[in-house]
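Chemist: Let me give you the structure first, and then I'll get to my questions.
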Amino acid sequence: MAIEKLKKLTVAASHENKNTVVAELQRFGCLHIIDSEPSQTNTSLNTNISLNTGDLEKKYQEAIQFLHNTVATLPQLRTLSSVTIETILDDIITLKADLKHKNDQLDVINQQIKLIEPWGNFALPESEFDQYFTLWFYRFPVKNQRQLNELEYPWQMVNKTHKYYYVVVISENQTAPSIDNAHRDNIGHVSLSELNLQKEKILLEIEECNLKRIALSKYVFVLKSKVAEIQNRNQFAKALASIQDESGFFVLKAWIPVKKLAELKLLSDKVGFAFIAESPSDNDTPPTLLAPQSFFSAGAILSAIYQTPNYNRWDPSIHLYLSFSVFFAIILSDVGYALVLSILFLAIGFIYRKNSIVKQFDSLMFSIFLASSIWGLMVGSFFGYEMSAISTVIDLKIIDLNNYNWMMKISVGIGVIHIVLANITSAVSSLTNSEKFSLNLLSKLGWCLVATGGYCYWLFMNQTEFLTSLSWLMAAGFVLIFVFSEPLKSFRGKDIKKSLISGFVALSNLTKLFGDALSYMRLFALGLASASLAITFNNLSVQFFNEAGIGYIFGAIIFIIGHLVNIVLGVMSGVVHGLRLNFIEFYNWSDPGEGYVFKPFYLKEIDYE
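Following numbering that gives the first Met the number 0, the numbering of the sequence shown begins with 0 at its first residue and continues without gaps.
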């Protein structure tokens, strides 16, 4: 996987062919238009078009989403005959508003029914009664029964629950009596039976709306096509606004992948325009177009979560893909959990097999399952149980999570390897993208020597002879860092001072190196936490199993729910910390830079399903 090489393109043609040329370039679909400084008139016109079509596009998108949420959909129509797309949009917007209004009414009725049900089904007295007396409805907490008996108003209890007494109080005043510690219910004048009739009516009306919604679902493809048409028109208008008008001809600037130049040449001969393709200059900032291999395409998505790499740096997608899989596996640390996740991934892949994003993640899910299974076998854990207790044939345990000393060394060793790879990759990228060798690349080699030497020094503390060699290795690394972080350009005092200051500043990053390497110990800590939780849930379930009878049920519930919770926690930790170690520690040392995405000027088309 790499960053696609681009050329800076300048297209020129006569004014008469402007719309034709731009339309053909949009159909070509491989250019990233460079925004120019259009005239004030064009800017205002383009802004108005964007605002109008933007609002219209939003309405169509909302209509599509509304129809997508139906319980069932009809076969799609390809074209319209007797109705217009605007009429369909108006019908959908009206239906959506009507359905929302009826659902709101239903919510109000349900709340009122819930309030009145404890009081029973009754009708309030006629208006003549209201001239002399008023009925008030209070809920008295059961614990305040004495207060109820001391009421100075006539009252009648109509219902009782474990929490409240439902009491009707009669008063001659139009103002509600002030009764401490009692809750007054405003139940209205509509009886429970009448509310139920209203509810049935609303439910029938909602059902009719849903049937209309299903009937309109056959227009989803037509609506999507209209959205694509609006987006294409917007892109076309934006491209026209980026054109520089000269006397008798126009000029359009864009970026194009090098491999597409031959096709562009054929198109220029066919349509009738001229172009010049130039390599990016030092002052240019080309967009980044990743060229992923199909198996590692998910790595590009992971990379985009944090930032798009700079065009002049390097593509970290493969590194992210592989290291994320390894880190996730170490944090999960269980074969059984890997098996559960693989089944879940297969189910999701089957249900959403037509989704392009899900398809791109297929290979990553396979890599995570494979890495998690291998690491789980290496630590010998199956749902918290020792693999040796289950089967001696597949007992491949070679790592003991409870050996804190070695697990710390393994975790930090993974961090050192990751940081060394970051420095090497950054150095190789600089060599590849630069026309001349830069001495400050030697400082990257210095950090590799210091990181490797320091880690080996920790591992072999007791081997005196070997430590001497490591000391010289680390010393060489420090020299490279100090001297070549800012290579000396001349022996003038100003340059010498600048180089010395830069060297001391670079050496201060030793503390960052130490902290970043230790940061990888979170892999060991989270893996140990996952394993410990699994063992805890197993022990709790066994305690209930030993009780027999109903204990089997509670034991099974604890086992299933406990491990599901642990899997969820493991997945969350694996995703968050697996990406964090890449985006923070790895990026700090590899420096892929920050760029912006290559956005092709293309003609969007909707596939008929």
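Note that beta-carbon positions come from the ideal geometry of N, C-alpha and C, so glycine has one too.
As the structure is a computational prediction, the values presented were derived from the model and not from experiment.
For S316, does the count of other Cβ atoms within 10 angstroms reach 16, so buried, or fall short, so exposed?
Modeler: The residue is buried, with at least 16 neighbouring Cβ atoms inside 10 Å.
Chemist: With distances taken from CA atoms, which of T535, F585, S410 is nearest L517?
Modeler: Comparing Cα-Cα distances from L517 to each of T535, F585, S410, the minimum goes to S410.
Chemist: So for H31, helix, strand or coil by DSSP?
Modeler: In this structure, H31 counts as strand in the three-state DSSP scheme.
Chemist: Report the three-state DSSP secondary structure of M156 (helix, strand or coil).
Modeler: Note: M156 maps to strand in three-state DSSP.
Chemist: How long is the line joining the alpha carbons of S38 and K252, rounded to whole angstroms?
Modeler: Low confidence applies here, because S38 scores a pLDDT of 47, under 50, leaving its location unreliable and the question unanswered by this model.
Chemist: Could you name the residues of the same chain whose beta carbon sits closer than 6 Å to that of V325, not counting the 5 residues immediately before and after it, in chain order?
Modeler: Correct list, in chain order: A370.
Chemist: Sorted by chain position, which residues of the same chain lie with C-beta nearer than 6 Å to G577's C-beta, five sequence neighbours on each side aside?
Modeler: Hits under 6 Å: F323, F326, F327.
Chemist: Along the beta strand (DSSP E) that carries E245, what are the first and last residues, could you check?
Modeler: Note, E245: beta strand (DSSP E), 243-245.
Chemist: Just checking my contact of A337 with S372 at CB under 8 Å: how many whole Å lie between their CB atoms?
Modeler: Rounded, the Cβ-Cβ distance is 5 Å, consistent with contact.
Chemist: Is it buried or exposed, M156, if we count other Cβ atoms within 10 angstroms and call 16 or more buried?
Modeler: Its Cβ having fewer than 16 others within 10 Å, M156 is exposed.
Chemist: Hey, how far is the Cα of L101 from the Cα of Q64?
Modeler: Checking the displayed sequence, the identity of residue 101 turns out to be Lys instead of Leu. Approximately 19 Å between the Cα atoms of the pair.
Chemist: So what does DSSP say about K7, is it helix, strand or coil?
Modeler: It is a strand residue.
Chemist: Would you kindly check if the distance between the Cβ of V449 and the Cβ of G476 is under 7 Å?
Modeler: Going by C-beta atoms, G476 is nearer than 7 Å to V449.
Chemist: Report yes or no: is there a C-beta of chain D within less than 7 Å of the C-beta of L94?
Modeler: Of the protein chains in this structure there is only one, and it is not chain D.
Chemist: Here's the rule: buried if 16 or more other CB atoms are within 10 angstroms of the residue's CB, otherwise exposed. What is A62?
Modeler: So A62 counts as buried.
Chemist: Would you give the residue range spanned by the alpha helix (DSSP H) that R138 belongs to?
Modeler: Here R138 belongs to no alpha helix (DSSP H); instead the beta strand (DSSP E) covers 133-140.
Chemist: Mapping DSSP to helix, strand and coil, what is Y601?
Modeler: Residue state, collapsed to three classes: coil.
Chemist: Could you tell me the alpha carbon to alpha carbon distance between S43 and E245, rounded to whole angstroms?
Modeler: Unreliable placement is indicated for S43, whose pLDDT of 45 sits below 50; no coordinate value is reported for it.
Chemist: Is V70 helix, strand or coil by DSSP?
Modeler: Here V70 sits in coil by DSSP.
Chemist: Within the same chain, show all residues whose beta-carbon is closer than 8 Å to that of L30, passing over the 5 residues directly before and after it, in chain order.
Modeler: Result list for L30: L8, L24, A253, W254, I255, P599, F600, in chain order.
Chemist: Under 7 Å between the Cβ atoms of S484 and D590?
Modeler: No, the pair does not count as a contact, with Cβ atoms beyond the cut-off.
Chemist: Under a Cβ-count criterion, where at least 16 other Cβ atoms within 10 Å of its own Cβ denotes burial, should A297 be classed as buried or exposed?
Modeler: Classification for A297: buried.
Chemist: With DSSP collapsed to three states, give me the class of T40.
Modeler: No answer about T40 holds up, because its pLDDT of 42 lies below 50 and its placement is not dependable.
Chemist: Output the residue ranges of the alpha helix (DSSP H) runs that lie fully inside the stretch 349-423 and measure 4 residues or longer, sorted by chain position.
Modeler: Fully enclosed alpha helix (DSSP H) runs of 4 or longer: 355-359, 361-378, 386-389.
Chemist: Along the chain, where does the beta strand (DSSP E) containing Y163 start, and where does it finish?
Modeler: From DSSP, the beta strand (DSSP E) with Y163 extends over 163-170.
Chemist: Helix, strand or coil for F459? Go by DSSP, reduced to three states.
Modeler: Reduced to three states, the DSSP call for F459 is coil.
Chemist: Just tell me which of L98, E193, V107, Y164 has its CA closest to the CA of F121.
Modeler: Minimum Cα distance to F121 is reached at E193.
Chemist: Closer than 8 Å by C-beta to K58: which residues in its own chain qualify, once you throw out the five before and the five after it? Chain order, please.
Modeler: For K58, where only same-chain residues beyond five positions count, the Cβ hits under 8 Å are L88, I92.
Chemist: Exposed or buried, what is I115 when buried is set at 16 or more other beta-carbons lying within 10 Å of its beta-carbon?
Modeler: Under this definition I115 is a buried residue.
Chemist: Quick check on the DSSP output: the alpha helix (DSSP H) that includes D89 runs from which residue to which?
Modeler: Run containing D89: 84-115, per the alpha helix (DSSP H) assignment.
Chemist: Can the beta-carbon of I181 be found less than 7 Å from the beta-carbon of F139?
Modeler: For the record, residue 181 in the displayed sequence is Ala; it is not Ile. A contact, by the Cβ cut-off of 7 Å.
Chemist: Suppose contacts are defined by Cβ-Cβ distances below 7 Å. Is F274 in contact with V10 by that definition?
Modeler: Cβ distance < 7 Å, so F274 and V10 count as in contact.
Chemist: Please report how far the alpha carbon of I84 lies from the alpha carbon of A22, in whole angstroms.
Modeler: If I take the Cα positions, the gap works out to 24 Å.
Chemist: Can you tell me whether W135 is buried or exposed? The criterion is at least 16 other CB atoms within 10 Å of its CB, across all chains shown.
Modeler: With 16 or more Cβ atoms within 10 Å of its Cβ, W135 is classed as buried.
Chemist: For L563 and M520, I'd like the C-alpha separation in whole angstroms.
Modeler: In a straight line, the C-alpha of L563 is about 25 Å away from that of M520.
Chemist: I need the straight-line Cα distance from S80 to V221, nearest angstrom please.
Modeler: If you take the alpha carbons of S80 and V221, they lie about 12 Å apart.
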